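Note that the sequence shown covers residues -1 to 62 in the numbering used here.
Notes follow once the structure below has been shown.
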Amino acid sequence: MPRGKRTVFTVLCPESGNRVGTIRFHKQDKMGKAWKEHSSKLKKYCPVCKKHVKPKFKEERHSK
Ligand SMILES: [Zn+2]
């Protein structure tokens, strides 16, 4: 496993499915362990719904 491997999560609006951003976490570190807890506090603005939403996160796998 390469050093500094990060997991990228796509941030999605749960209502419209609009992609509102991406977020990166190191899964191995403390932040990684707490990422679900951390992400549950996040709010993102969705330009489609024109409001802040509690986003969904989808793990992006970069397999080459
Ligand atoms: Zn939306």
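C-beta atoms are modelled at their ideal positions from N, C-alpha and C, and glycine is treated no differently.
A quick note: this is a predicted structure, and the numbers were derived from the prediction, not measured.
Identify, in the order they occur along the chain, each residue of the same chain with its Cβ nearer than 6 Å to the Cβ of residue i, setting aside the five sequence neighbours on each side.
| i | result |
| --- | --- |
| V46 | S14 and N16 |
Enumerate in chain order the residues of its own chain whose CB-to-CB distance from residue i is below 8 Å, with the five nearest sequence positions on each side excluded.
| i | result |
| --- | --- |
| E58 | T5, V6, F7, T8 and T20 |
| F55 | F7, T8, V9, L10, I21 and S37 |
When DSSP labels each residue in this structure, what does residue i get in the three-state scheme?
| i | result |
| --- | --- |
| E57 | strand |
State buried or exposed for residue i, treating a residue as buried only when at least 16 other CB atoms are found within 10 Å of its CB.
| i | result |
| --- | --- |
| P12 | exposed |
Is residue i near ligand 1, judged by its Cβ being under 8 Å from some heavy atom?
| i | result |
| --- | --- |
| G15 | yes |
| V9 | no |
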